[in-house]
Amino acid sequence: MRMKPVAGILLRQLYLIRGSPVRSLPMFAWVAIDIVMWGFITRYLNSMAAGRFNYVPSLLGAVLMWDFFTRIMQGVSTAFLEDVWSRNFLNLFATPLTISEYILGLVITSIGTSAVGLAVMLVLATAVFGLPFFSLGALLVPFLLVLFGFGIALGILASALVLRLGPASEWLVWPLPALLSPFVGVFYPLATLPRWMQAVGHVLPPSYVFEGMRAVLAGRALFAGSLAVGGALAALDILLAGYFFARVFRYAIRTGLLARYSAESTA
Amino acid sequence: MRYRARVYAHPPDIPPRPPHDACADAAEEAGGKVVLSVAGLRKVYSKLVAVDGVSFDVHRREVVGLLGPNGAGKTTTINMILGVLSPTAGRVCIGGVDLARQRARALAQANFSAVYASLPGNLTVAQNLRFFGLVYGIPELGRRVGELLRQFDLDRLRDTKCGLLSSGEQTRVALAKAVLNRPRLLLLDEPTASLDPAAAQTIRARIRSLANETGCGILWTSHNMYEVEEVCDRVLFLSRGRILLEGDPRRLPREHGAATLEELFIRLAREPLTEPMERAG
């Protein structure tokens, strides 16, 4: 794999963000609003609980982790959609750029944009609402890595779906995280769910993160094997999503979809 | 006069060479003079045959015109050469490299400009050149971009977003991008389609000198027969996915009893494909 084309994809995104407040603002504005809103909700709930339970770590922490995951997914798919919106596929894929170089470029772009969002969320949640986020200690790293991995996989899957179904299908892929959220137990234990939803939750890596986070915050021992399963599932999902994107790309090349890909022809 | 398509086939008595050798062998035989070799190219969409057994070569310093009426298969052929559309059958070799087997290596030697594939309008001229320069892996990119900005009179527009440029300026940027990697093969799909006559003349002269100075081979599609006569060394007439006629654009009309290339074009576009083709020179 050559790194110059990967750097090209990253540089293009930097140019776009640098020259456009409407692109840079959403990197931190929406997550900040989320943290502020949920911060006040947790404060209210704490006042109702009258010291019997602290909602900040479990609720606000969960919001922060989920927003991080969503930003990762959207980082990948937005970078991909930039090529859809500017009808750049023909220019891009008539070059020596390989699929793996392209996807790596999208992933690195997403790391950058979601890191900005994560930093803003951490500062706000910790400084304003007293979230003891770092009380999770070293476990924070695997938690974020699993969410990061699955966010990448979902972003690649969303991009493949848009490539296959056409530009108008972007409206189908934005709500994907919301569609998954009931199954992964962001705010409640998986045991709360009916059995079939639990079964779905167990194949989704974020469920292991949120179960683990609640265990740690409740002072229970975290079963490391369970987190490892989450990590393995996330890695598997990245491979599957990459394979699916490559399949869709080959389909687009075979059928001429890539050559005529534009809002007019495929919407 | 009626014409029949020329369909190429490999002679049955010659065993097929291993596919991995075919492109390199052909390039070696041609002494490195062939920059594009297309053999038996065919594209079928369910029941529609868009390109039907097209074969041709483009040599160094040669400008080859790919002509034909709308729907003849020109853009489909170009898309297959660019690797954004896979052929149903046939082979594309760019600089002796098989596109199907070594896509990245083959495409590193080619580039293109098409009126329907404008560069991202939300990036400036210089940003677009840097972006594509990295994608092509150009060494000393800053210097190369500076060279191209001067060569294509784009210096004063370097920080202007491409979406704000006039058609002529956009064409110049697209051409600058098309030569970024010093391609051995340049594909130009109607590069002057949206230009006024003066701008079109300048672009034509620039492209002609590119072929002469850099030695690249150019495959050019156009509906403007005047510019085809002016620029192209050879033309291929495509109709219903097949090559009907091939030859020197300045001699072809006379050889086929037409007053002008445009008249010949119109006749070919309207003729049914029934009788043997008469091949020029």
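The listed protein sequences correspond, in order, to chains F and V. According to this note's numbering, the first sequence is numbered sequentially starting from 1. According to this note's numbering, the second sequence is numbered sequentially starting from 268. Glycine is no exception: its CB is placed at the ideal position from the N, C-alpha and C atoms.
- At a cut-off of 7 angstroms between beta-carbon atoms, Tyr-403(V) makes contact with chain F.
- Under the three-state reduction of DSSP, Val-203(F) is assigned to coil, being neither helix nor strand.
- For the 7 angstroms CB-CB criterion, Leu-462(V) and Gly-435(V) form a contact.
- From the listed residues Met-492(V), Asn-491(V), Cys-499(V), Leu-503(V), the smallest Cα separation to Leu-477(V) is found for Cys-499(V).
- Around Ser-86(F), the beta-carbon contacts reaching into chain V at under 7 angstroms are Pro-387, Gly-388, Asn-389.
- Judged by DSSP secondary structure, Asn-378(V) falls within the beta strand (DSSP E) whose first and last residues are 377–381.
- Of the candidates Asn-389(V), Leu-366(V), Ala-371(V), Ser-385(V), the residue whose Cα lies closest to the Cα of Arg-12(F) is Asn-389(V).
- Between the segment 109–123 of chain F and the segment 392–400 of chain V, the count of C-beta pairs closer than 8 angstroms stays below three; the two stretches do not touch.
- Looking at the DSSP output, Ser-506(V) sits in a beta bridge with Arg-509(V).
- When C-beta distances to chain F are compared with 8 angstroms, the residues of the segment 361–372 of chain V below that value are Arg-370, Ala-371, Arg-372, in chain order.
- Chain V places a beta carbon closer than 7 angstroms to that of Thr-95(F), counting this residue as a contact.
- Across the segment 94–124 of chain F, CB contacts with chain V closer than 8 angstroms involve Ala-94, Thr-95, Pro-96, Leu-97, Thr-98, in sequence order along the chain.
- Cβ-Cβ distances below 6 angstroms link Gly-105(F) to Val-6, Ile-9, Leu-10 in the same chain, with the five nearest sequence neighbours on each side left out; the list follows chain order.
- Rounded to the nearest whole angstrom, the CA to CA distance from Pro-406(V) to Val-412(V) is 11 angstroms.
- Burial state of Lys-310(V) is buried, judged by a 10 Å Cβ sphere holding 16 or more other Cβ atoms.
- DSSP places Lys-428(V) in no beta strand (DSSP E); its state is neither H nor E.
- Each of Gln-369(V), Thr-344(V), Leu-486(V), Ala-381(V) was checked against the Cα of Ala-460(V), and the nearest Cα belongs to Ala-381(V).
- Distance from the CA atom of Ile-474(V) to the CA atom of Thr-344(V), rounded to whole angstroms, is 21 angstroms.
- Residues of the segment 330–350 of chain V with a C-beta atom less than 7 angstroms from some C-beta of chain F are Asn-346, Leu-349, Gly-350, listed in chain order.
- Between Leu-217(F) and Gly-201(F), the beta carbon gap of about 19 angstroms keeps them out of contact (Cβ cut-off 8 angstroms).
- Note: His-326(V) is bridge-paired with Val-301(V) in the DSSP secondary-structure output.
- Neighbourhood of Ala-259(F) in chain V, by CB distance below 7 angstroms: Asn-346, Val-351, Leu-352, in chain order.
- Residues of chain V with a Cβ closer than 9 angstroms to the Cβ of Leu-11(F) are, in chain order, Gln-394, Arg-397, Phe-398, Leu-401.
- Between the segment 231–251 of chain F and the segment 148–166 of chain F, the count of Cβ pairs shorter than 8 angstroms is three or higher; the stretches touch.
- From the listed residues Tyr-251(F), Val-22(F), Leu-81(F), Ser-86(F), the smallest Cα separation to Ile-103(F) is found for Leu-81(F).
- Contact between Pro-142(F) and Leu-227(F) holds: CB atoms are separated by about 6 angstroms, below the 8 angstroms threshold.
- Around Leu-431(V), no beta-carbon contact reaches into chain F at under 8 angstroms, the shortest distance being about 13 angstroms.
- Identification of chain V residues near Gly-8(F) by a Cβ-Cβ cut-off of 7 angstroms yields Phe-398, Leu-401, Val-402, ordered along the chain.
- Contact between Val-162(F) and Val-56(F) is ruled out by a C-beta separation of about 37 angstroms, above the 8 angstroms threshold.
- Leu-455(V) is not a Cβ neighbour of Ala-94(F), given a cutoff of 7 angstroms.
- Comparing alpha-carbon positions, the option among Arg-509(V), Gly-508(V), Tyr-493(V), Arg-507(V) lying closest to Pro-520(V) turns out to be Tyr-493(V).
- DSSP places Ile-361(V) within a strand segment (E or B) once states are collapsed to three.
- Where Thr-255(F) is concerned, the enclosing alpha helix (DSSP H) starts and stops at 224–255.
- At a cut-off of 7 angstroms between C-beta atoms, Leu-462(V) does not count as an interface residue with respect to chain F.
- Within chain F, the residues placing a beta-carbon under 8 angstroms from that of Leu-374(V) are Ala-94, Thr-95, Pro-96, ordered along the chain.
- In the DSSP assignment, Asp-456(V) falls within the beta strand (DSSP E) that extends over 452–456.
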